[in-house]
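Below is one structure, written out as structure tokens, with a few remarks after it.
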Amino acid sequence: MPRVLIIAYGNPLRSDDGVGWAVAEELSRKLASLEVEVLQLLQLLPEVAESVSHADAVIFVDASCDGEPGDVCCRPVTPPPANPQFTHQLSPAELLGLARQLYGAPPQAFCLSLTGQSFEHGEELSKSVATGLPQLVAKVEQLTKQLLR
Amino acid sequence: MGEAVKQGKTIIIDPVTRIEGHSKITLHLNEDGAVEEARFHVTQFRGFEKFCEGRPFYEMPSLMARICGICPVSHLIASAKACDALLAVKIPPTADKLRRIFGLAQVVQSHALSLFHLSSPDLLLGMDADPAKSNLFGVAEANLELARDGIRLRQFGQEIIERLGGKRIHPAWIVPGGVSEPLTDANRDAILFAIPDALRIVERTLEWFKGIMENFREEIASFGNFPTMFMAIVKQDNGLTFYDGKIRIINAAGKVVADALDPTRYFDYIGEKVEPWSYLKSTYYKPVGFPDGIYRVGPLARLNVADRCGTPRADQELAEFHELQRTAVLSSFHYHHARLVEMLYCVERMEQLLNDSEILSQRVRAVARPNALEGVGSCEAPRGTLFHHYKIDEQGLIRWCNLVIATGHNNLAMNRSVLQVAKHFVRGNHLTAGMLNRVEAVIRTYDPCLSCSTHALGQMALRVELLSPSGELLDQVERTG
């Protein structure tokens, strides 16, 4: 079982929403080891809860709508105080909550995001997101190494 | 559950929740305030049949797989089979078996989604449960093992798809002429290793389900419990299959209406009708006409139509299933039961196929140029019989395309089921969550995939409207999620 699980999610056919996948492709090369697993997902679904429960730490990587395009943000994630009504797709916090409910104490978790500029149909990242991508990759890499110590 | 709004004599439930796609239900009341008419409207549209025109035929499997995120494999299979017909090739035996395993894995993950994630809140917590608790979190609170089993079974199916196709959603491994890569021994062994656990989960869930059926007598009696025909593809020996065979149609008495019909001639015996109030076409059996040519497809139909499964445990369960009713099993509530029996069959059948001596053969693709200008592919998708029909020009470009989707086959039956449930449970002047949830729950028994059936870009949503005799909107409920 990996000690650190990186979950990069979003839709790579919706321009900047694919930034998580771009990060995952970089990190799969840089962090390839038995201790790190990188998942590329379109959205967070309940069945990911079991994988989450097996990790010591989880890093979610996603595009964001908050802030200025290109902004990189890192925040801790904790289970929500109340369960969501709908489970068609889950937020990182809700996924942690489900992992806790189904499998016991959830791992520590962080969400690293990069604010997108365009979420229209397309496979290209916007200029501001492409510029911010190396910074996001570096932050995820740095956090992963800290968590492995 | 969707939000209910009552305005005069109309109830609207919008959106319908815990289904795949966008829809709404309209209930029409008579002068006495009783439900007189009900309609299940599909409110999304995409138009895959149109925008694939002009594309090279060999792109079709990958393009068509994008119709759905739940059952892309069925579209891959039907599309690739239509392309096989355009190439006029017989695919290698190992490719045929690998495609079957791929399809069976998808049935497991799709049925698990329907039963555990979407319907188990109703089955475990009851139809009158607090809508805020009617979800996977509520299931986990009440029955941790059931919630874990659902997640594990979904993973089992998805992991097989990923091992064979390279990714869980929209894999493009199935290609015209076969599959793109052979199976590795490591992947075969990994799948075989996971099978005993999957079998245990399905068996455990079957026992649980049979134990709770007594609690749902009223729903069994009123959830789409009416005579219709049933249609499915069966093997030569009339056994259950998801990949290839002949069409068989039986009536409500369980008697064969039509046998050994050629799936590639579906247009000879299946008609399609467009209604102005829905983007979902309704199909009917042509010799009987519209709307009396109503039939159902999917798990309930497949088990009604099949004489046997061909695997030991599923055959035992099928015999028990057939004893539910001396005629065909008519209540749509039993779709849930049928899904479990089918999952058992799928897991057993995958084990048989993976132990086949040729399963690791490297010969998995026949290569040819187009040799026919028209091709039809068919298979049994999780929700029922699926047809892809293409016509190409001399350059191999798609000139015409028609898709007949499982949810469309069930459209007439879903509408009639909503009316039956609404008449039984809904009283116009007083809406309760439990009444409205039952209207939604009967739709869930069919596990409709509206993204597939309208080839539409959908989110989970349903609206129910209550209309007066003059068409005035009396009330509506609406929900997203």
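Listed in order, the protein sequences are those of chains D and S.
The opening residue of the first sequence carries number 51 in my numbering; numbering runs sequentially from there.
The opening residue of the second sequence carries number 13 in my numbering; numbering runs sequentially from there.
Think of the CB as a built atom: it goes at the ideal place given N, C-alpha and C, for glycine as much as any other residue.
For residue i, which residues in chain D fall below 9 Å Cβ to Cβ?
i: Leu156 (chain S); result: Gln151 and Leu152
i: Arg166 (chain S); result: Leu95, Pro96 and Glu97
For residue i, return the contacting residues in chain S, with the cut-off set at a CB-CB distance below 7 Å.
i: Ala99 (chain D); result: Ile163
i: Asn133 (chain D); result: Phe149
Measure from the C-beta of residue i to each C-beta in chain D and report whether the shortest distance is under 8 Å.
i: Phe418 (chain S); result: Note that residue 418 (chain S) corresponds to Ala in the displayed sequence, not to Phe. No, no contact with chain D.
i: Ala318 (chain S); result: no
i: Gln374 (chain S); result: no
i: Ala152 (chain S); result: yes
Residue i by DSSP, collapsed to three states: which one?
i: Thr165 (chain D); result: strand
i: Ile224 (chain S); result: helix
i: Gly68 (chain D); result: helix
i: Lys80 (chain D); result: helix
i: Pro184 (chain D); result: helix
i: Glu406 (chain S); result: coil
i: Phe254 (chain S); result: coil
i: Glu153 (chain S); result: helix
i: Leu201 (chain D); result: Residue 201 (chain D) lies beyond the stretch modelled for chain D, which goes from 51 to 199, so this question has no answer here.
i: His40 (chain S); result: strand
i: His53 (chain S); result: strand
i: Leu173 (chain S); result: The sequence given here has Ile at residue 173 (chain S), not Leu. Ile173 (chain S): helix per DSSP, three-state reduction.
i: Ala159 (chain S); result: helix
i: Ala77 (chain S); result: helix
i: Arg351 (chain S); result: helix
i: Arg53 (chain D); result: coil
i: Ser114 (chain D); result: strand
i: Asp26 (chain S); result: strand
i: Pro133 (chain S); result: helix
i: Ser170 (chain D); result: Strictly speaking, residue 170 (chain D) in this sequence is Glu, with Ser absent from that position. If DSSP states are grouped into helix, strand and coil, Glu170 (chain D) belongs with coil.
i: Thr466 (chain S); result: Low confidence applies to Thr466 (chain S): its pLDDT is 46, below 50, so where it sits in the model is not reliable enough to give any reading.
i: Met472 (chain S); result: No answer about Met472 (chain S) holds up, because its pLDDT of 38 lies below 50 and its placement is not dependable.
i: Arg164 (chain S); result: helix
Closer than 7 Å by beta-carbon distance: list the chain D residues that pair up with residue i, in chain order.
i: Ala159 (chain S); result: Leu152
Output, in chain order, the set of chain S residues within a Cβ distance shorter than 9 Å of residue i.
i: Leu193 (chain D); result: None at all; the shortest Cβ gap to chain S is about 26 Å.
When the cut-off is 8 Å and only beta carbons count, does residue i lie next to chain S?
i: Leu148 (chain D); result: yes
i: Leu55 (chain D); result: no
Taking Cβ-Cβ distances shorter than 8 Å, what residues in chain D pair up with residue i?
i: Gln170 (chain S); result: Glu97
Can you confirm whether residue i, when its beta carbon is compared against all beta carbons of chain B, has any partner nearer than 8 Å?
i: Asn427 (chain S); result: Among the chains of the structure shown, chain B does not appear; the protein chains present are D and S.
Compile a chain-ordered list of the residues in the segment 156-180 of chain D whose CB is closer than 8 Å to at least one CB of chain S.
-> none
What beta strand (DSSP E) runs, 3 residues minimum, are completely inside the segment 262-341 of chain S?
-> 268-273, 282-285 and 294-297
Which ranges does the alpha helix (DSSP H) cover as unbroken runs of at least 4 residues, wholly within the segment 189-242 of chain S, from first to last along the chain?
-> 197-224 and 229-234
Of all the alpha helix (DSSP H) runs that stay within the bounds of the segment 82-127 of chain S, which reach a length of 4 or more residues?
-> 84-99 and 105-124
In chain order, each alpha helix (DSSP H) run of at least 4 residues that lies wholly inside the segment 357-435 of chain S | 418-421
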